[in-house]
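To keep things clear, I will list the structure first and then write my remarks on it.
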Amino acid sequence: RCLECIDMAVCCASCLKDRHARSPFHKIEKWNGSYFERRALHDVGVTVCLGHDGAPCAKVDKEDGVDMTIADVTGIHTLTVYPCKCTATGADPTPFWVQLVLARLFPATFSDSKTRSAYTFRLMEHWHLDIMQGKKPVYDYWLSLQRRTNVAVNDLVFYDQSGYKNFRRAGRYWRDLTSRRQSGQAQGIDAFLPANRYPGSVAIVCPACPDPGFNLPEDWVEKLKDPTERYSVSARHDTETNVNCLDSSSFSY
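Using the working numbering, read the sequence shown as starting at 1 and increasing by one per residue.
Spelled out as structure tokens, the structure:
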């Protein structure tokens with residue numbers, strides 16, 4: 001039976017495998033004659049197939065499967081991932097890490113020969129929100145994720161400290177890419193911003209602060225001659241009004 005599905009109906013291993021072809025990160029239990037013991041979907045043959053909407057690629061053999069450690073909000077799982085080897089005419093196969101990203105699996109490294117760990121987008125989004133809201137260290141979050149994992153099934157994963165290092169590295173990648181996407185740098189936003197902006201900056205600019213070429217009138221220089229008119233920007237590093245990173249005097253117009 002599955003502990004994540006709503007009904008938790010008891011079924012055979014074959015039916016359980018078919019039901020979880022698209023939900024490979026659920027937790028399951030197996031009746032051993034006396035009680036339900038924790039098992040993994042990997043034990044009933046659930047795998048992850050990339051590139052064909054969950055179906056295995058016709059050009060992939062059983063030996064092409066990659067045993068990976070994939071973390072989700074439900075815990076840390078060990079699954080076999082089968083890449084897609086289909087190619088367009090004269091083109092190379094899609095890199096393995098790209099196929100993982102298209103399947104919403106964030107790899108711990110972007111080297112195909114070393115990619116053995118990945119994290120679901122759902123986990124990365126949950127982790128990012130958790131550390132931003134609760135200021136929880138990455139190590140504590142990883143420990144809590146380990147405690148959600150079935151230690152009897154993933155004992156080697158549980159005590160492998162390299163898993164924390166991989167997750168920490170993936171977290172840095174995720175935060176950097178998120179900043180670039182949300183700031184518009186990934187879409188080339190600098191081409192549409194005023195020339196006085198710092199190129200490549202991912203900082204959030206206050207839309208209310210005066211910015212020539214953005215929200216000031218064209219004759220703002222002439223208006224400065226009027227003592228009642230003055231444009232200035234107040235730069236603060238934090239809410240304690242300490243300017244630690246910027247020279248605020250350079251922003252007075």
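Note that beta-carbon positions come from the ideal geometry of N, C-alpha and C, so glycine has one too.
Query, Result
"Where ALA208 sits in the DSSP three-state scheme", "coil"
"Distance CB(THR149)-CB(GLY51) smaller than 8 Å", "no"
"Bounding residues of the beta strand (DSSP E) (the contiguous stretch that carries LYS85)", "First-last for LYS85: undefined, no H or E at that position."
"Option in PRO212, PRO194, GLY65 and GLY54 with minimal Cα separation from ALA21", "GLY54"
"Own chain partners of SER117 with C-beta closer than 6 Å, once the 5 adjacent residues on each side are dropped", "THR69, ALA108 and ASN166"
"Candidates ALA13, ARG180, SER179 and PHE36: closest to GLY45 by CA position", "ALA13"
"For ALA67, the first and last residue of its enclosing beta strand (DSSP E)", "Per the sequence shown, the amino acid found at residue 67 is Asp instead of Ala. Run containing ASP67: 66-72, per the beta strand (DSSP E) assignment."
"Cβ-based neighbour list, SER183, same chain, cut-off 6 Å, excluding 5 preceding and 5 following", "VAL202"
"Bridge partner(s) assigned by DSSP for ILE28", "CYS2 and ARG39"
"Sequence-distant residues of its chain with Cβ nearer than 7 Å to TRP127 (five each side left out)", "TYR141 and GLY171"
"Contacting residues, own chain, Cβ-Cβ under 7 Å from THR87 (five flanking each side not counted)", "PRO93"
"Best match in ASP61, CYS206 and ASP130 for proximity to PRO175 [C-alpha to C-alpha]", "Reading off the sequence shown, one finds Arg at residue 175, where the question assumed Pro. Among ASP61, CYS206 and ASP130, the Cα nearest to that of ARG175 belongs to ASP130."
"Segment limits, beta strand (DSSP E) that includes LEU193", "Careful: LEU193 lies outside any beta strand (DSSP E) and carries neither H nor E."
"Sequence-distant residues of the same chain with beta carbon closer than 7 Å to LYS85, five excluded per side", "CYS57, LYS59, VAL60 and PRO93"
"Secondary structure of SER23, DSSP reduced to three states", "coil"
"Terminal residues of the alpha helix (DSSP H) in which LEU105 lies", "LEU105 -> not in any alpha helix (DSSP H); beta strand (DSSP E) instead, spanning 105-107."
"Buried or exposed by the 16-neighbour rule on C-beta atoms within 10 Å, applied to TYR82", "buried"
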